[in-house]
Amino acid sequence: LMTLVNVIPAVSSYAVAVPGSAGHVAQVKVYDANGDRLLATVTPFPGYEGSVSVAMGDVDDDNVLDLVVGAGKDYAPEVVVFSGRAKDGKEAFATELARFAAFDGIARGGVSVTSTQIDGLTADNIVVGSGPGAPSEVKVFSTKLAALGSAPEIFSTFSPYPGDQSGVTLASGFTDFSTGRNSIVTAPGEGATAEIKLWVYTLFTPIAGANASEPVDIHKPANTATITPFGSDYRGGVSLAAGWLTGSQGGAEAIVVGQEASPGAVKVYSSGSA
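Counting from 829, one number per residue, gives the positions in the sequence shown under this note's numbering.
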């Protein structure tokens, strides 16, 4: 089995996705970054024996990181969020805050997830990427959660790789120092050139009377950087993560890109590091 770590924490909890196998369902293990103590073992999709995508974010705005999980290949395109705070007599990561279909039910290539503050409010947004076999799409959901079974309203949707159907891998965080805003980081799936793109929502609107050259839509992101870390010929797919690798003086979170195919190289990118 291959174990995937999708979050590089500062001082927080972090999630490890443990893929399933025949007779063993997929699980997510949540650890305390202080000493790597196991906090919870979660079975997000009962009976599912594939791989899942995981992220941590303060989805319900209670200053505690919650667990966001996206279903993998051959399962409904479902997203579930578990509360990081113990509540209603249940332990941490035992209470569901949200469970919904992120895409049309026929899209069974898997869902990539991340969570970060995008819309200018205080909670973290749930962000999802389409799986292989569906048109390239990223959805940013509103921070106002809906009832279980219903998706939150969509704040934004965009196609990072128009015409591509290889899937979208996601990461997010304060990765572009120049913008002052958190970014969404995207990569296409296996079969497409591994082109990493950073997307940011400035949320700025022109002041009254300004002569804007074109209308400003705060729901559309700007592509602030594009990286081809392994050249135009590498099409083996990549994993993405973002985190504070350089400590409190790091300036911005680093982006970590790893090849999923041979030779398995890893590269780290940083913006504004001290």
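Note that CB positions come from ideal geometry on N, CA and C, so glycine has one too.
Item	Value
Residue from LEU976, GLU924 and PHE1002 with nearest C-alpha to GLN945	PHE1002
Beta-bridge partners of PRO1016, as assigned by DSSP	VAL996
Beta-carbon spacing of SER1090, THR997 below 8 Å	no
Straight-line gap, ALA845 to ALA854 (C-alpha atoms, nearest Å)	8 Å
Beta carbon of VAL882 nearer than 8 Å to that of VAL892	no
Minimum C-alpha distance to GLY878 - residue among TYR903, GLU1018 and HIS1047	TYR903
Rounded distance between the beta-carbons of GLY875 and LYS901, thought under 8 Å	With 8 Å as the limit, LYS901 and GLY875 do not qualify as a contact, their Cβ atoms being about 15 Å apart.
Ranges of the beta strand (DSSP E) found wholly within the segment 1041-1067, counting only runs of at least 3	1050-1055
Three-way DSSP call (helix, strand, coil) for VAL1084 in this model	strand
C-beta contact flag for ASP1004 and SER1099 at 8 Å	yes
Within 8 Å, strictly: CB atoms of LEU1073 and ALA1080	no
ARG1009 classed as buried or exposed, judged by whether at least 16 other C-beta atoms fall within 10 angstroms	buried
Beta-carbon proximity check, GLU919 vs PHE873, cutoff 8 Å	no
Test item: CB-CB of ALA930 and ALA979 under 8 Å	yes
Distance CB(SER987)-CB(PRO963) smaller than 8 Å	yes
DSSP state of ILE954 mapped onto helix, strand, coil	strand
Neighbour-count burial assignment, GLY1071, 16 or more Cβ in a 10 Å radius	buried
DSSP state of PRO880 mapped onto helix, strand, coil	Reading off the sequence, residue 880 comes out as Val, not Pro. Correct three-state label for VAL880: coil.
Distance CB(LEU880)-CB(LEU895) smaller than 8 Å	It should be pointed out that residue 880 corresponds to Val in this sequence rather than to Leu. No.
Buried or exposed (CB count within 10 angstroms, at least 16 for buried), GLY1017	buried
Neighbour-count burial assignment, ILE982, 16 or more Cβ in a 10 Å radius	exposed
When THR950, ARG913 and THR1021 are compared against SER840, the one with the closest alpha-carbon	ARG913
C-beta contact flag for GLY1059 and THR1014 at 8 Å	no
CB contact flag (TYR1062, ALA999, <8 Å)	no
Three-way DSSP call (helix, strand, coil) for GLN855 in this model	strand
Endpoints, the beta strand (DSSP E) within which LEU1026 is located	1024-1028
ILE1055 beta carbon less than 8 Å from that of TYR1097	yes
ARG927 vs GLY977 beta-carbon contact at 8 Å	yes
Cβ neighbours of ASP916 in the same chain (closer than 7 Å, five flanking residues each side left out)	THR923
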